[in-house]
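In the working numbering, the protein residues as written are 1493 to 1641. Note that CB positions come from ideal geometry on N, CA and C, so glycine has one too. Heads up: the structure comes next, in structure tokens.
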């Protein structure tokens, strides 16, 4: 009887080998899933930045419609020229910046709006996103060959 109780007691639990197999399987799954998760987060942040700079581009077009230039308001006495001001300087608008947004005016009738990766977004395959007054977007393709816009 004592032998039977010991035999039943010895069969409880998992062996070290079984636990190590489970740990190895979890490690392999994590190694495959984590890069995909990070890529998905970066694509989501890129889509947010694209949306934000396109909204700013629409604001710039409304500004141009009123002033016939992008860099400042028309100078008509007694008005003082006022520059076009970015409604936001980062994407997302609140929280930590994934992209820093800036605008340049090569001429009064043109602009280049850029979203420069920041923080963990620096490793994104598309890098800096840009759009100009003609609606031309760059880059068209990322370093991985996938479309950025």
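Start-end ranges of the alpha helix (DSSP H) lying completely within the stretch 1516-1562, minimum 4 residues: Segments of the alpha helix (DSSP H) lying fully in the stretch 1516-1562: there are none.
C-beta atoms of residue 1607 and residue 1517 nearer than 8 Å: On the chain shown, residue 1607 is found 115 positions in, with the first residue counted as 1. On the chain shown, residue 1517 is found 25 positions in, with the first residue counted as 1. No, they are not a contact pair.
Cutoff 8 Å; reference residue 1636; Cβ partners in own chain excluding five residues on either side: On the chain shown, position 144 is the one that residue 1636 refers to. The residues are 1617.
Cα-Cα separation, residue 1576 to residue 1523: What you label residue 1576 is simply residue 84 of the chain shown in a count that begins at 1. What you label residue 1523 is simply residue 31 of the chain shown in a count that begins at 1. Our two residues, residue 1576 and residue 1523, have alpha carbons roughly 47 Å apart in a direct line.
Secondary structure of residue 1564, DSSP reduced to three states: Taking the first residue of the chain shown as position 1, residue 1564 is located at position 72. DSSP, reduced to helix, strand and coil, places residue 1564 within a strand of the structure shown.
Cβ neighbour criterion (16 or more within 10 Å) applied to residue 1542: Locating residue 1542 in the chain shown gives position 50, where the first residue counts as 1. Answer is buried; the Cβ neighbour count reaches 16.
Buried versus exposed, by CB contacts within 10 Å (16 or more), residue 1579: The count along the chain shown starts at 1 and reaches residue 1579 at position 87. Answer is exposed; the Cβ neighbour count stays below 16.
Proximity of residue 1626 and residue 1632 at Cβ, strictly below 8 Å: Indexing the chain shown from 1 puts residue 1626 at position 134. Indexing the chain shown from 1 puts residue 1632 at position 140. Contact flag unset, no.
Residue 1621 in three-state terms, based on DSSP: Sequence index remark: in the chain shown, residue 1621 carries index 129 (1-based). Looking at residue 1621 - three-state DSSP - the assignment turns out to be strand.
Among 1533, 1596, 1511, 1629, the one whose alpha carbon lies nearest that of residue 1615: For the purposes of this step, residue 1615 is taken as residue 123 along the chain shown, with counting starting at 1. Proximity to residue 1615 across 1533, 1596, 1511, 1629 peaks at 1533, based on C-alpha coordinates.
Beta-carbon gap between residue 1537 and residue 1585 smaller than 8 Å: As a first step, residue 1537 is located in the chain shown; it is residue number 45 there, counting from the start. As a first step, residue 1585 is located in the chain shown; it is residue number 93 there, counting from the start. Cβ distance not < 8 Å, so residue 1537 and residue 1585 don't count as in contact.
Alpha-carbon to alpha-carbon, residue 1513 and residue 1610: Counting from 1 along the chain shown, the entry for residue 1610 is found at position 118. Counting from 1 along the chain shown, the entry for residue 1513 is found at position 21. Each residue's Cα considered, the two are about 39 Å apart.
Within 8 Å, strictly: CB atoms of residue 1528 and residue 1562: Start at 1 with the first residue of the chain shown, and residue 1528 comes out as number 36. Start at 1 with the first residue of the chain shown, and residue 1562 comes out as number 70. No; because the gap between Cβ atoms is not below 8 Å, this pair is not in contact.
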